[in-house]
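Shown next, in structure tokens, is the structure this report addresses.
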Ligand SMILES: Nc1ncnc2c1ncn2[C@@H]1O[C@H](COP(=O)(O)OP(=O)(O)OP(=O)(O)O)[C@@H](O)[C@H]1O
Ligand SMILES: Nc1ncnc2c1ncn2[C@@H]1O[C@H](COP(=O)(O)OP(=O)(O)OP(=O)(O)O)[C@@H](O)[C@H]1O
Ligand SMILES: [Mg+2]
Ligand SMILES: [Mg+2]
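Chains as they are written, first to last, in our numbering: chain A, 4 to 286; chain B, 744 to 1053; chain C, 83 to 461; chain D, 103 to 458; chain E, 295 to 584.
Laid out in structure tokens, this is it:
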């Protein structure tokens, strides 16, 4: 694995990262442009090995969400398009496939900012999530057992839930599609510490029990790197650093910029921060 | 320090440090059957950073919405005290207290209560500059004819207020986005713009709903720095909702904890941190210190087991 | 737009330009189209005869789909093209334009027979060829008075617009002036209805035996249908725009049977002397007489009146044939013969009245035909 | 203000606050003025009349865009408000006998008031519900003026004759000069209207309208009084529309209800949407485009009459078809309207030869 | 009394047809959040399609109905595919405008192909009339009520029971999120428009049968707005209530007061109702939270 900056646009060494199974998801040199002018992904490549948890880190505006939108085919609805590169899922090139079909092929995305169906009740939201499935009942109960809170409020209108409640619902809904690959865009966004623990514990568990493959975007790098097997760090639409989670956790840059640790390892108080960080030291 | 250079104070309060600024007095809020808040009371002191924490759905945002007049609690009062000191221009201001619970939110804003929202609520089609200028709305005169005429008062006013706005832009390092439509900016930047819009009001009280959600450690440090600058240098009082305990513990002077709409604790960060009820309801086996990252794995294992036999 | 036989025939003189504002596809397209056909046919006919004193008529005819703004736009275009007279159509456009017409000094005829247009002070360049709606109403009332033996309730169903309201007040006045013992009540007919049962119910509670309709054919036909459906004993008296074959065909022969039609322009099947020229023409052109309805005839003869005016103006030796000259001629030339087709046969204008005629025919629907009951009835 | 390779650098806020910064923009402004001035010298009466219609439409469209494009309150009541402006102005000038310009001014105010009144539902209604409510106000106003109870408007005549526009002895002349003289009046007013609107949205008031459009709760939370903002928007917008209505009346010299139907409301909506919502320039482009469209089609049809007589005989249908088609195609190609299209062209050339 | 019966019969008949027309409108709105100003034209086109099949081609009634339904479906799908799909994600008002353009286009096309004069079509429903409580009521009105009732219940049940109902609302709420659920936004849209086409066809044919096959059919469509707003833009049962209210209201005003007034009374009522209930009688309250 490389702690050195990776030259822009170069494909990372060979297919899947070391020690991983065959890549379930494989992005090669993906380039994304919004509104025909705004270049956001500049030849991004990453692999998500079957049965592993991969974390994608990066500062605001790096293009993380865009990456997931590209994978799940949501770009067209935002005047964005994949102008170069390929997206391979389960061995098939899905770069041109319609968003809905991608779900039936077994991926499901839990979007940044929840996007619950505001006018539907919690249970209706979950049913909608299972649109591609046959027997909904069982899955429903399962989700409720994982998120008891949802069970208690199953007939509440989703639009009136609190931020966190909506986040749980969004994740539950994504699971209703019984995906092979679950993509989570900042799942811990706005969640209380306790819940963050739960959710990551839950992700881990899905991964271990069902062998669910997970690609997760996180700002809470610490948590992410704890549960993840492999990590990617992106800046300005490129992968600038990647490697096994354990190693990334030890990487000094990561320590400083993502784990918010001083060189000496201990966490420094926010009060001690006296200067604004200069950005993008990898470029 | 940057902000010393600024000529406009961002603090719109004329209240001497240490006096009570905001009194939340036994308020209850219901939505049909849902009890979002149940007899909550606490006091925000002038010059404090007052954090509100609690599990999801505890009623934190609702509380903020009550203070800023977006929701109106069925019971209880919220009082904002102004005056008793000198205002920005150094004039003596008589002491007054206002019943926020009876005001529409635009009137609350005119008392200098500024806020940011949990899910960013910017004017997405407008540029960063326009969004910030809108922060000046309550300080500007709006006559239809003068506006249509442009030359004369309208133009003069625009330029006048532009000065303060530019200072905010400078403080928050938004220079490069000045003329960008906020809709297309990345999440983190939008959060900053929203803070800026609130600052342009020259707030007497600043309400921030999860200003650091969705930021990485580094960006949090910046945001924390901005908030501290505003607080320390301008002396603006801040009420802050935040889930990252490190931030809360580091920058707040006082913490109130909500759970299921009730106030379960209220005190200094350390008191609260130690409070078993809080740990039970909210923090859990907090482990944001990687030293005991093991704790998480435990938590994970723990969950795993109960899950498997569930 | 379609040009009425410009250049055709051997009229070698410099052509006379006129503009036609027609409704072919609008709200009144059903009667507007044949009216327009009639006009163009007449122009074709007159040009074939060598035009007017050697001047062929060059008519620019455009459809305005009963949209006033469209009409205004067309009008401006015609003025710009230097026409000497305008043939309009509906109430809306006639009203919207009469001021402009006056200031541009262009004689203007149309299918709108509102009383106000007959007053040269009010509308100096508008000419109303047929008896006004008010006169038709008076005739209708006279007839009802006789038919009922001088004692009946009359309900007036009128289009919900100025066009509809035009004769209402005058009718009321007429009843009083004549001291008729007729109950008289007016009801507005909204457009786009699926039935007029509500209206009929009101008429019924008024005790009306006669229903005068001032509207176009299709709604009138709907009323006839509803009367039949409801098995009511009421007699419809249609004025002008619903007094035609269209009313009969749309309502269906049996639903229309026995209702009365006040129509100033004699339909072809009545066979007035003035119809011969039309019959010759359609025979020569191979047009099926069945297609030539009342409105067609109307168009033909309105155009005829205007043409006669032009002929006279030229005869009067106007150095150049322009609006004022034509107006002058129309006001001074005396009666224009229509071979008994229009009203009592002659159309005559004067400097202080542009009311071309007061006489109108009365017909009844019989076996799906218009059968003449009385010719040239005047108030 | 200096122009360098890296872009425009303003040295003072006032210079940045100018509407036009670059030489190119001044050039464009100049060209437009020249165009406005030469028009009456090159066009014949017919096309002058079209130009005049366009100028009136511009005023109306700008007004509507203030409400719909900038404040986000969809309105289908345009026709009704035009009518209010037209009737009131005429009644004031010809019946009450006020000098026409004064009458027009009062008509503007009156329409603003009426507009505000019909804006009241806007305080409770959102988006499409409001749109339909304005549709209702259109229908109701239209009904009232058409039914004209007791002839309170037209004295039972159904229409009102309007005297030639005259002011302080000056009177609009006959056929020869009529259009040109009107052109001067209308052009001046249109330019003023456009400027006024442009200015409005450089100031706090205008911004508060846009804030209401984008996020009303947040707007209120920064101190914008929603009620006032919305009603002001309705008033200002209706004011412009009233002016357009009054001018229509005095220009066409006859007022009758047929000129203010729902079709008119829709036509105006089409103008601002095809032109570009929330952009003054867009409203102008839209007004020009939508007014010219049917005229151009008819002239085309007449020209092609010999080749395909079908066009001529089916003209209104063809016009409607094209009207519909153009709207559809436009919005599919560029949903943000002509204005955006124009901007994209400019962008393209700014970045040319690079793609981004 | 007899008057009242007549009012009921005629009013309900009109109301039933209105409800049918409104149904299509609501389906489209529910699924695609599109306000379809072309609904009236859908009635128009539907009626003319049927007329073509039944009269022009002279097909037997049953076949003609089938043909009509098929064509209506196809038209619905085409409209969605060609005109609305490219607009996905655009501002609601631009989309409104597109449908306005569509309405103008459809009307024009019908006009070009069929002209403006009414088309003679043999009556489908028996024309005679029966005597109800002293009032003569034409049978066809009663049958119209019956047919409409059947169709409406069918639709209502379909959306209560099937998961498509939920999917539709999901799509209307948040298209992106719906896509991530594997809900094919396109398919849902197509479905909504197709169904709207069909219900409009039925309404159009019924309407044509009791009045005439002419352009007025489209004008009738405008009344859909009071209906849906009254019932609530997104409520299927709402359309029925709204339709019946408006239908009766018009007939009653026309019978007891002034038929002219009857044309605006729906709008007056509409405004009044909205002032009390801003989302109509059964409409979903739009959620606004911060
Ligand atoms: N629909 C869009 N149109 C134009 N630009 C966009 C759009 N969406 C995103 N962008 C731009 O693309 C860049 C990356 O956006 P993206 O949301 O992927 O960043 P991110 O890594 O998810 O940031 P965050 O952590 O804040 O979510 C940003 O600079 C943003 O301005
Ligand atoms: N407008 C509303 N209508 C109905 N219920 C509401 C409304 N607003 C909030 N609630 C309910 O009140 C409770 C508190 O919501 P609130 O948003 O205040 O929680 P919170 O403390 O902000 O949670 P989080 O930290 O996840 O944002 C929740 O159960 C929510 O469902
Ligand atoms: Mg993101
Ligand atoms: Mg919250």
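Every residue gets a Cβ at the ideal spot worked out from N, C-alpha and C, and that includes glycine.
- Short of 7 angstroms from the beta carbon of residue 333 of chain C, and not among the five residues preceding or following it, lie these beta carbons of its own chain, in chain order: 303, 306 and 307.
- With distances taken between CA atoms, residue 173 of chain A lies nearest to A/121 out of A/141, A/155 and A/121.
- Residue burial annotation: residue 275 of chain A is exposed, with fewer than 16 other C-beta atoms found within 10 angstroms of its C-beta.
- Remark: C-beta atoms of residue 180 of chain D and residue 353 of chain D do not approach each other more closely than 8 angstroms.
- At least one heavy atom of ligand 1 lies closer than 7 angstroms to the C-beta of residue 82 of chain A.
- Residues of the stretch 420-453 of chain D whose Cβ lies closer than 9 angstroms to any Cβ of chain E, in chain order: 420, 421, 422, 423, 424, 425, 426, 427, 428, 429, 430, 431, 432, 433, 434, 435, 437, 438 and 439.
- Its chain contains 404, 511 and 512 as the residues whose beta carbon lies nearer than 6 angstroms to that of residue 338 of chain E, once the 5 sequence neighbours on both sides are disregarded; these appear in chain order.
- Residue 467 of chain E is classed as buried because its beta carbon has at least 16 other beta carbons within 10 Å across all chains shown.
- In this model, residue 309 of chain E and residue 301 of chain E are separated by some 11 angstroms (Cα to Cα).
- Residue 489 of chain E has its alpha-carbon roughly 12 angstroms from the corresponding atom of residue 448 of chain E.
- Summarising the contact set, residues whose Cβ lies nearer than 5 angstroms to any heavy atom of ligand 1 are, in chain order, A/37, A/41, A/43, A/63, A/64, A/65, A/66, A/67, A/68, A/69, A/81, B/927, B/929, B/930 and B/931.
- In this structure, residue 238 of chain A has its CB at a distance of at least 7 angstroms from all heavy atoms of ligand 3.
- Boundaries of the alpha helix (DSSP H) around residue 485 of chain E: 479-504.
- Nearest neighbour of residue 409 of chain E by Cα position, chosen from E/327, E/342 and E/492, turns out to be E/342.
- The contact set of residue 485 of chain E on chain A, defined by CB atoms closer than 9 angstroms, is empty, because the minimum CB distance reaches about 13 angstroms.
- Not a single C-beta of chain E is nearer than 8 angstroms to the C-beta of residue 361 of chain D.
- Judged by DSSP secondary structure, residue 231 of chain C falls outside any beta strand (DSSP E); it is assigned neither H nor E.
- In this structure, residue 536 of chain E and residue 521 of chain E form a Cβ contact; the two beta carbons are roughly 4 angstroms apart against a cut-off of 8 angstroms.
- In the DSSP assignment, residue 824 of chain B falls within the unbroken beta strand (DSSP E) covering 818-825.
- In this structure, residue 846 of chain B keeps its C-beta atom at 8 angstroms or more from the C-beta atom of residue 878 of chain B.
- Taking the Cβ atoms as the reference, residue 372 of chain D lies roughly 6 angstroms from residue 429 of chain D, within the contact range of under 8 angstroms.
- Exposure of residue 143 of chain D is indicated by the presence of fewer than 16 other C-beta atoms within 10 angstroms of its C-beta.
- Residue nearest to residue 239 of chain A within the set B/929, B/1009, B/973 and B/889 is B/929 (criterion: CA-CA distance).
- When secondary structure is reduced to three states using DSSP, residue 932 of chain B falls in the helix class.
- When secondary structure is reduced to three states using DSSP, residue 187 of chain A falls in the strand class.
- At least one heavy atom of ligand 2 lies less than 7 angstroms from the C-beta of residue 799 of chain B.
- The straight-line gap separating the alpha-carbon atoms of residue 418 of chain E and residue 373 of chain E is approximately 29 angstroms.
- Counting along the chain, residue 336 of chain D sits inside the alpha helix (DSSP H) bounded by residues 328-354.
- Listed in chain order, the beta strand (DSSP E) runs fully inside the stretch 102-149 of chain A are 110-113, counting runs of at least 3 residues.
- Counting only runs of 4+ residues, the alpha helix (DSSP H) found wholly inside the stretch 108-173 of chain C occupies 111-130 and 150-163, in chain order.
- Contact annotation, residue 410 of chain D with residue 868 of chain B: C-beta distance approximately 45 angstroms; criterion of less than 8 angstroms not satisfied.
- Approximately 7 angstroms separates the beta-carbon atoms of residue 912 of chain B and residue 875 of chain B; this is inside 8 angstroms, confirming the contact.
- Burial state of residue 203 of chain C is exposed, judged by a 10 Å Cβ sphere holding fewer than 16 other Cβ atoms.
- The Cβ-Cβ distance between residue 787 of chain B and residue 765 of chain B falls below 8 angstroms.
- Scanning chain D for C-beta atoms nearer than 9 angstroms to the C-beta of residue 99 of chain C yields nothing, as the closest lies near 14 angstroms away.
- The C-beta distance from residue 790 of chain B to residue 978 of chain B rounds to 6 angstroms, short enough to meet the 8 angstroms contact threshold.
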